[in-house]
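Here's the structure we're looking at; comments come further down.
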Amino acid sequence: MAQLPTKKEQTRARILNAASQSFRSSGYAGTGVDGIAKTAGVTSGAFYAHFGSKDGAFEAALAAGLDEVIQSIPNFQAKFGSAWVGAFADYYLSEAHRNDLACGCAMTTLSPEVARADPDTHMAYEAKMNRIVSLIADGLTGNSQEARHTRAWAMLSTLIGGLTLSRAVANPDIANRIAEAAHVAALAASMG
Numbered sequence: 014m015a016q017l018p019t020k021k022e023q024t025r026a027r028i029l030n031a032a033s034q035s036f037r038s039s040g041y042a043g044t045g046v047d048g049i050a051k052t053a054g055v056t057s058g059a060f061y062a063h064f065g066s067k068d069g070a071f072e073a074a075l076a077a078g079l080d081e082v083i084q085s086i087p088n089f090q091a092k093f094g095s096a097w098v099g100a101f102a103d104y105y106l107s108e109a110h111r112n113d114l115a116c117g118c119a120m121t122t123l124s125p126e127v128a129r130a131d132p133d134t135h136m137a138y139e140a141k142m143n144r145i146v147s148l149i150a151d152g153l154t155g156n157s158q159e160a161r162h163t164r165a166w167a168m169l170s171t172l173i174g175g176l177t178l179s180r181a182v183a184n185p186d187i188a189n190r191i192a193e194a195a196h197v198a199a200l201a202a203s204m205g
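Structure follows, in C-alpha cells:
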C-alpha cells in the first residue's frame, strides 16, 4: 500500500509546480520568489525552507520537467509502437502544446535559460538530455547505436526548434506551417 505524501511533501510539490509553471511561462528573469510563493499559497519563508534560493527552485523545476519527458517517451513507444515518432511529433507540435507555455515541454522553454546558467546546471541538464536521447534512440530502427543517437539528436533538435519558432511568430498560419515543416523534418531525421 502506497503511503500518502506528508504535508511537507505536498507543500514542496505545490511550490515546485508553481515554480515550474512560472519559469516555463515567464523565464528565469521574469520569475520572482514572492510570485512563486503566492501562486503556491505559501510564504516566501516556506519557499526558502524547501528550495534555499531561486536557483535551487530552477534546478528542481528543470529536473522535474526533463523527467516528464523521460517518462513520456516510453509511454509513446508502448502505446503507438512503430508509429510512436509521428504520434510524439503530433503532440509536441500541436496547437494546444504550442499555446501552453506554463505546462509545455521544459526542453523548449528552459533550454535557453540553461544556456545562461552555471556549469553544474549545464552538467545536470546534459545528463538528463542524454537520457532522453537514449530513450528516443532505443525506439528508432537501425543497427548502429551511434547512428540512432545521431538521428535522435536531429529529431529532438528539430522538434524543439520547430516548437520555439512556431511559438515566436504572431501569425497562426505561419505557426502552423512551421509546425508542419518541423513535423516532416523530425520524421525524416528519425528515419535517417
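Residues 14 to 205 in my numbering are what the sequence shown spells out, letter by letter. Don't be surprised by glycine CBs; every beta carbon is placed ideally from N, CA and C.
T44: buried (16+ other C-beta within 10 angstroms of its C-beta) or exposed? buried
Taking only the alpha-carbon atoms, compute the straight-line gap between T194 and S57 and give it to the nearest angstrom. Reading the sequence as shown, one finds Ala at residue 194 and not Thr. Taking the straight line joining both Cα atoms gives about 44 angstroms.
Measure the alpha-carbon distance for I83 versus A26 and round it to whole angstroms. 19 angstroms
If you reduce the DSSP assignment to three classes, tell me which class G58 lands in. helix
Tell whether a beta-carbon distance below 7 angstroms holds between A91 and R37. no
By DSSP, does D47 sit in helix, in strand, or in coil? helix
Quick one: give me the first and last residue of the alpha helix (DSSP H) that P185 is part of. P185 to M204
Other residues of its chain near T24: CB distance less than 8 angstroms, five sequence neighbours each side excluded: A53, V55, A59 and H63
Coarse secondary structure for R164, derived from DSSP in three states: DSSP, read as helix, strand or coil, puts R164 in helix.
What distance in whole Å lies between the Cβ atoms of A77 and F89, which are believed to be in contact at a cut-off of 8 angstroms? Actually they are not in contact, since the Cβ atoms of F89 and A77 sit about 19 angstroms apart, beyond 8 angstroms.
Cβ atoms of A181 and H162: under 7 angstroms apart, would you say? no
Within 10 angstroms of the Cβ of E108, are there 16 or more other Cβ atoms? Answer buried if so, exposed if not. exposed
Boundaries of the alpha helix (DSSP H) in which L79 is found, first to last residue: K67 to F93
Hey, would you say L106 sits closer than 7 angstroms to G152, going by beta carbons? no
P18 in three-state terms, based on DSSP: coil
Local conformation of L153 per DSSP, three classes: coil
When the Cα atoms are used, what is the spatial distance from V127 to M120? Their Cα atoms are separated by approximately 10 angstroms.
Where does E72 land, buried or exposed, given buried means 16+ other C-beta within 10 angstroms? Buried: at least 16 other Cβ atoms inside 10 Å.
Are the beta-carbon atoms belonging to L75 and L123 less than 7 angstroms from one another? yes
If you measure between the beta carbons of A202 and T154, is that distance less than 7 angstroms? no
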